[in-house]
Ligand SMILES: Nc1ncnc2c1ncn2[C@@H]1O[C@H](COP(=O)(O)OP(=O)(O)O)[C@@H](O)[C@H]1O
Ligand SMILES: [Mg+2]
C-alpha cells in the first residue's frame, strides 16, 4: 500500500489469497496469527518497540488490485512497511538473533527463513521479523522444532 507521496507505507495480505496454513492444517488462518504475533510481542509501554520488533500489524478490510482485476472488500492483515536492504547473516547483532529465536520458540514458528527476516534501513540495520502466519500451532504435542 502506498502513501500520498507514492512511498510504500504498509503491506496488505488478503486472507482469501493465503496459502495453506501448516500449523492449523487449513487455509484462511494466517491473518489473525500475524496480528496476534504483534500484540503478544508488543511492549507494555506505548511507543516502545516490542521485544522481537514485530512490525505493527492489524486486521482491515480493503479493496485492492490483484493483477487481474479490482477486488471487492476483502479482509486481511495490514502491516507497517519496513524499508529494508539486502543482508548477510554476520551483519546482525547477536542480541537481534537471540530475540528472534526467543519469539519463534515462544510462539511456535513453523516458517522462519531468510525471506522472512528483514534488515531495516532506518534503525541502524536492526533485524526485523516478518510473516507470522505460521505461528501458534494447534497441535503443540505434534510440533517439532527444527
Ligand atoms: N512489513 C514489511 N515490510 C517490508 N517488506 C515486507 C513486509 N512484509 C512483507 N514484505 C515483503 O514481501 C515479501 C513476502 O511477504 P511475506 O510476509 O513473507 O509473505 P508470504 O506469506 O507470501 O511469504 C517479503 O519477503 C518481503 O520482501
Ligand atoms: Mg514469507
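Numbering (full-length UniProt numbering), first residue to last: 1 to 146. By construction, the Cβ of each residue, glycine as well, lies at the ideal position given by its N, Cα and C atoms.
For residue i, which residues of its own chain have a beta-carbon under 6 Å away from its beta-carbon, when the five flanking residues on both sides are left out?
| i | result |
| --- | --- |
| residue 138 | 24 |
| residue 15 | 28, 31, 75 and 76 |
Along the chain, where does the beta strand (DSSP E) that runs through residue i open and close?
| i | result |
| --- | --- |
| residue 79 | 74-80 |
| residue 86 | Looking at the DSSP string, residue 86 is not in any beta strand (DSSP E), and its letter there is neither H nor E. |
| residue 44 | It is not in any beta strand (DSSP E) - residue 44 carries neither H nor E in the DSSP assignment. |
Let me check you understand the geometry: is the CB of residue i closer than 6 Å to at least one non-hydrogen atom of ligand 2?
| i | result |
| --- | --- |
| residue 47 | no |
| residue 115 | yes |
| residue 32 | no |
| residue 104 | no |
Have a look at the DSSP bridge pairing and note the partners of residue i.
| i | result |
| --- | --- |
| residue 19 | Looking at the DSSP assignment, residue 19 forms no beta bridge with any residue, so it has no partner. |
| residue 155 | Given that the chain is displayed from residue 1 to residue 146, the structure contains no residue 155 and the question cannot be resolved. |
| residue 65 | 70 |
| residue 2 | 8 |
| residue 60 | 76 |
| residue 26 | 21 |
Enumerate in chain order the residues of its own chain whose CB-to-CB distance from residue i is below 8 Å, with the five nearest sequence positions on each side excluded.
| i | result |
| --- | --- |
| residue 9 | 1, 2, 3, 80 and 81 |
| residue 116 | 129, 130 and 131 |
| residue 146 | Residue placement at residue 146 is flagged as unreliable, the pLDDT there being 47, under the threshold of 50; a coordinate-derived value is accordingly withheld. |
Less than 7 Å between C-beta atoms, sequence neighbours within five positions excluded: which residues of the same chain meet that for residue i?
| i | result |
| --- | --- |
| residue 71 | 63 and 64 |
| residue 49 | 43 |
| residue 87 | 119 |
Got a sec: does ligand 1 put a non-hydrogen atom nearer than 6 Å to the Cβ of residue i?
| i | result |
| --- | --- |
| residue 79 | yes |
| residue 97 | no |
| residue 94 | no |
| residue 82 | yes |
Checklist entry - At what residue ranges does the region 91-131 contain a whole run of the beta strand (DSSP E), taking only runs of 3 or more? => result 117-120 and 127-129
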